[in-house]
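Notes for the one structure printed next.
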Amino acid sequence: MGVRTVGLASGVRPTSRDDGLRVTLRRGGRVVWLLGLLGLLGPWGVGPSGAVDLRWVDEVKLGVLSHDNALWGLGHHVEPGADLNVEVLGPSPAFLQGLWAPRPHLGFSVNTAGATDYGYLGLTWRGRPWRPLLPLLEGLFVAGSLGGAIHDGYLNTAPPEHKLLGTRLLFRYSLEGGYQLTRGVNVSFMLDHLSNGHVVRHNQGLNELGVRIGLSRFPRISW
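Residue numbering for the sequence shown is 66 to 288, as defined by my numbering.
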């Protein structure tokens, strides 16, 4: 009885077999995120001259995010560290033009303190919805996305400084606002949210907030 009391008082939540998949994902998981992203960057177009053309990479986003952000009291901060974020967006395919031409995206965020990493995919809409009502700066833009994510965090039991995310697959959405510095470079602030939508008991969710740089003009690589 005394041991159990000490354990509960210390805030330790013992792990169980339902979180065993997290160990597998964590072992080499960051390499898997990277290899998966690179593997889906193709097909790569190689011309007769040996030039490589990233045929469907429309934009690459690189960012640093505050992990598990409390959002000025709207959220609950538990997990430590920051996230390094990489995202690739493709051009909008013809069959999505009727849905305001969203671009498909694929990305991952790696935590610097060993907390939850995740990979994600979905659709991103970008535009200037204030036109022509407001004469704002030409370079301003907003964007939003909807999709899903897979993570290597904990589900129903966890040690301190880790959240109970409930399910391995989560819903993900993001909001972003930025400025187009040049034709090929933009900077933006982005907020994303991951949760299971309360489909199971545990749904503590994660919020990330940070800065990203977007690169959208790539030189042809020849050898």
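In this text, a Cβ means the ideal position worked out from N, Cα and C, and glycines have one as well.
Spatial neighbours of residue 125 in its own chain (CB-CB distance under 6 Å, excluding positions within 5 residues in sequence) are listed in chain order as 153, 280.
The C-beta separation of residue 240 from residue 212 comes to about 13 Å, leaving the pair out of contact by the 8 Å criterion.
Under the DSSP definition of a beta bridge, residue 125 partners with 153, 280.
The C-beta distance from residue 233 to residue 216 rounds to 7 Å, short enough to meet the 8 Å contact threshold. Around the C-beta of residue 170, 16 or more other C-beta atoms lie within 10 Å, and the residue is accordingly described as buried.
When Cβ pairs closer than 8 Å are counted between the two stretches, the segment 155 to 171 is seen not to touch the segment 198 to 205, the count staying below three.
Looking at the DSSP output, residue 254 shares a beta bridge with 242, 276.
In chain order, 147, 148, 150, 174, 273, 274, 275 place their CB closer than 7 Å to the CB of residue 130, counting only its own chain and leaving out the 5 sequence neighbours on each side. In terms of CA proximity to residue 134, 271 leads the group 282, 278, 271, 277. Its Cα nearest to that of residue 244, the residue 206 stands out among 182, 206, 183. Distance from the Cα of residue 236 is smallest, within the candidate group 183, 251, 204, for 183.
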